[in-house]
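Below is one structure; the comments refer to it alone.
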Amino acid sequence: MEQYTNNMSKRQIRHTLDSLLEGIQVIDFNWRYLYANTAVTEYYNTNKEEFRAQSMMDRYPGIETTEVFKVLQDCMVNRNSERLEIEFVYPDRKERWFDVSVVAVEEGICIMSLDITMHKVAEEKAEKATRLYAFISQVNQNIVRVKDEKALFSNSCRIAVELGKFEIAWIGLFNLKQKKINLIDQYGMANQELDQLKVASYLSKGPQEYVLQNNTYYICNDMENDDELIAWRPFAALHCLKSCLILPIRKSGEIIGTFNLYSSKINFSDKEEIALMMEMAGDISYALDMLEKAGKQERTEELLIKSEKRFRVLIEKSLDIKTLSKKDGKIFYASPSIKKILGYTQQEFIKLPFMTIFHPEDIPAFIKIRENLIQTPGKSIRQQSRLLHKNGTWIWCEGTMTNMLHEVGIEALVSSFNDVSEKKVTMLQREFDRNNLNALINNTTDLMWSIDTDFNLITSNKSFDEMMRFMTGEILAKGENTLSATFSDEERNRFKNFYERALLGEVFTETEYMDAPIDSWNEISLFPIMKNNEVIGTACYAHNITERKKAELVLEKQNKELLKTNFELDRFVYSVSHDLRAPLTAILGLISFIEEESQEADTLEHVQMIRARINRLDEFIKNILNYSRNNRMDLQVEKIDLQKTVESVISELCSMKDCDGIRFEIDIKETEAFFSDRQSITTLLENLISNAIKFNAKDKRDAYIKITGKIDMESMELGISDNGIGIAKEYHSKIFDMFYRLSSDVPGSGLGLYIVKCIIEKLGGTIMLESGSDSRTTFTIKLKNSKP
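Quick look at the structure:
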């Protein structure tokens, strides 16, 4: 009986230690493992027997050279306890952060470790989000400022390294005929390394080919172990690169190249960050289209100018329409070119009534000019009129009419004119454009002005003039020095510095803050004005960004508050784990001593009641921690052996007192590999199977719990059935509520099924319940297979 009691006590202590979220390891003086609890073995996805078969040096080759080993050795030799936070890299290259306590024990040392990766990841994610926002913001500002592709590519690569904290950034453009990718610009590599990348073949199954063929990005979060990047491993090793993101660069909707970003960290980018980066790449592509459009417009304007010159040459070399008319207006001669311009033959044109060829709106002005011309022999007048074409349209013609009535042999009003319809339309369009541009410039709240090299005002829009009137009491006149206004010395010196930078050829944007009369922010952009490759002034543009700036400040404040809240929540979770569960563990240990030493039935009964209450409180705390972990931690998708995971959970739960007499059946068909978050799947199984154990029918001889599963490429379907006490239909809609307990006779916190529902929602799955009183209960779960 005493031996049985001792065995029961050890089993209870072992079960208590195995239920802890903290890892517990006991190592002897020869650095061999004497004990490791379940939390530790789950880190490695192994069992305790495999652990005890190894020493620390066997499991972690090279650990003797690490800083953490120095702490362990100091405790082992000098018996000094220590507590520290460390980042630990497992043999499978996974990285985790732990809060570690090392204490000396009789057998050697005991290592207690709590996984704080969630807190560290949250800190890193917040920092990375801030850095990513700054990177993308600077790229967008770069897009606004640059005037050519070279500057756009060069600045984007530089910003990616300096603000985005990538190790290397380069942009290459495809030569599809030769299957080459030409390096256009880069940042982060030495000049001697560039020759091999200037014109390189892109691999048939490489990242660039993937982007080109699939019309999307390429991501590799572990370059060292990705077989598709074998050719890039020497390059990655040379620069200590761990991950890469290849983004498509498009022009006119077609992929023309890639923006290649390399980081020294594994898993550098997640889906949300990639989405932002794709938007940034889209902005660069949009800028390329705008630059090309601007170039085409310049070429079109040049072509138009050449065409106009060519047109003028043709007109000068061709015969204009020549007409001779008498004093009464009757035309008696028209040159042969009349056919070309107005469509009439000479005879047809001469027979037309004089005034019928002029547009009705132009007749009064023409009559007045002609009457004035007749009064002055030899006088010439230039005019424009609309003349009627034979096809019924009106043609703008321009020319001169000369009074040669007094000339012997001529005795006529001599007209020489040509078709200027296109010129007239162009002039009208230009007049419209000028008026339209003037309206746009003077109806915006943005300030626009320009100065010469002496800081004198060249021109300004209405908003600038009104601003000067508001600040100085008067409008600044054209030609007046912009620095002579009633500004403070600080403001005058600041703007003088801006002007001098622009007059040296720099294009830039600065943010200006003013606290009077109200808080306001403005983005001020300056662009040098060039003439014959010489700066003759600068154009200035000021845009009010007060609302955006206030929103940014609010967002920054909210981010800081959120980070603080998250940190406090992490500390609370840590406190719950250590400050609440540790005393419970100590109490359970004391209870074990009482159970071993006491022979009084009442005492043992009371102790069992105390143990039940403590276990219930401990289960409640664990559920609260599981709920917090599920809400706070990002999903870590990896391959999961479902059969092995189910067997491991059942093995751990078999220590429950209600497990005796229950037969477990496992039927899982894994025709495809299943990928999901291991911790979430394990917690889900633990809650559902432990519930089935608690609510089994005590009076049934053949009590069973059956776990079935099938996996395909799209999903995993899991069924957990039991022939326990059943769940009446009126409770089906309530059992997933927080703190809802079906029976007060069965211990529990009322959180288990609520946590199950939260996990399934986070994994994007569904859960169904089939049950009735005194009948079989089946939970059916369907989860997405997140196979990459």
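Residue numbers (the working numbering): 476 to 1263.
Every residue gets a Cβ at the ideal spot worked out from N, C-alpha and C, and that includes glycine.
Since this is a predicted model, take the numbers as computed values, not measurements.
Between which two residues does the alpha helix (DSSP H) holding residue i run?
i       : result
Cys550  : Glu542 to Asn553
Pro536  : Premise fails: Pro536 is in no alpha helix (DSSP H) and is neither H nor E.
Val1121 : Leu1117 to Leu1128
Asp1268 : The question about residue 1268 has no answer here: the residues shown for the chain are numbered 476 through 1263.
Asp964  : Asp964 to Leu978
Tyr819  : Run containing Tyr819: none; DSSP gives neither H nor E here.
Glu624  : Glu624 to Glu637
Phe526  : Lys523 to Arg527
Tyr685  : Pro682 to Asn689
For residue i, which of helix, strand or coil comes out of DSSP?
i       : result
Met923  : strand
Ser739  : coil
His1081 : helix
Asn997  : strand
Gly1227 : helix
Gln850  : coil
Asp503  : strand
Arg746  : The sequence given here places Lys at residue 746; Arg does not occur at that position. If DSSP states are grouped into helix, strand and coil, Lys746 belongs with the helices.
Asn1171 : coil
Pro1263 : coil
Gln1265 : Outside the shown range of the chain, which is 476 to 1263, sits residue 1265, and nothing can be said about it.
Asp1264 : What the structure shows of the chain is the stretch from 476 to 1263, and residue 1264 is not part of that stretch, so it cannot be assessed.
Thr868  : coil
Asn956  : strand
Asp1093 : helix
Glu581  : coil
Glu783  : Caution applies to Glu783, whose pLDDT of 42 falls short of 50 and renders its modelled position unreliable; the model cannot decide the point.
Gly1194 : strand
Asp1152 : strand
Cys715  : coil
Pro828  : coil
Asn520  : coil
Phe939  : helix
Val619  : helix
Ile790  : Low confidence applies here, because Ile790 scores a pLDDT of 34, under 50, leaving its location unreliable; read the following figure in that light. Ile790: helix per DSSP, three-state reduction.
Val1112 : strand
Ala1076 : helix
Asp758  : helix
Asp764  : helix
Phe892  : strand
Lys797  : strand
Ser588  : strand
Ile933  : strand
On the DSSP letters alone, give me the boundaries of the beta strand (DSSP E) that residue i sits inside.
i       : result
Thr1253 : Thr1252 to Lys1259
Met1243 : Thr1241 to Glu1245
Val982  : It is not in any beta strand (DSSP E) - Val982 carries neither H nor E in the DSSP assignment.
Tyr1179 : Ala1178 to Ile1186
Tyr1016 : Glu1009 to Asn1019
Tyr693  : Tyr693 to Cys695
Ala456  : Residue 456 lies beyond the stretch modelled for the chain, which goes from 476 to 1263, so this question has no answer here.
Phe563  : Glu557 to Val564
Tyr510  : Tyr508 to Ala511
Lys667  : A small fix is needed here, since residue 667 is Gln in this sequence, not Lys. Here Gln667 belongs to no beta strand (DSSP E), and DSSP marks it neither H nor E.
Ile856  : Ser855 to Leu863
I believe residue i touches residue j by the beta-carbon criterion, under 8 Å. Please report the beta-carbon distance rounded to the nearest angstrom.
i       : j       : result
Trp869  : Lys899  : At roughly 11 Å, the Cβ-Cβ gap does not stay under 8 Å, so Trp869 and Lys899 are not in contact.
Ile502  : Leu509  : 7 Å
Val575  : Ile584  : Contact flag wrong, Cβ pair sits at about 11 Å.
Leu922  : Ala1017 : 4 Å
Glu1161 : Val1112 : The Cβ separation is near 20 Å, so there is no contact.
Thr831  : Leu863  : 7 Å
Ile694  : Ile749  : 6 Å
Consider the C-beta atom of residue i and the heavy atoms of the ligand NAD; say whether any pair is separated by less than 7 Å.
i      : result
Phe824 : Here there are no bound small molecules, and the ligand NAD is not part of this structure.
Under 8 Å between C-beta atoms, does residue i make it to chain D?
i      : result
Asp940 : Going by chain labels, chain D is absent from the structure shown, which holds only one protein chain.
Does the pairing of the stretch 955-964 with the stretch 976-992 give three or more beta-carbon distances under 8 Å?
no
Do three or more CB pairs link the stretch 1177-1188 to the stretch 1231-1241 at distances below 8 Å?
no
With a threshold of 8 Å, are at least 3 pairs of Cβ atoms found where one atom belongs to the stretch 737-746 and the other to the stretch 717-727?
yes
Meets three-Cβ-pair contact criterion under 8 Å: the stretch 873-882 and the stretch 835-855
yes
Counting beta carbon pairs with one atom in the stretch 882-898 and one in the stretch 797-816, are three or more of them shorter than 8 Å?
yes
Does the stretch 610-627 touch the stretch 753-763, meaning 3 or more C-beta pairs lie closer than 8 Å?
yes
Is the stretch 727-739 touching the stretch 557-565 in the sense that three or more CB pairs, one from each, lie closer than 8 Å?
no
Three or more beta-carbon pairs under 8 Å between the stretch 927-938 and the stretch 825-839, yes or no?
no
Can we say the stretch 1021-1031 touches the stretch 993-1008, given the rule of at least three CB pairs closer than 8 Å?
yes
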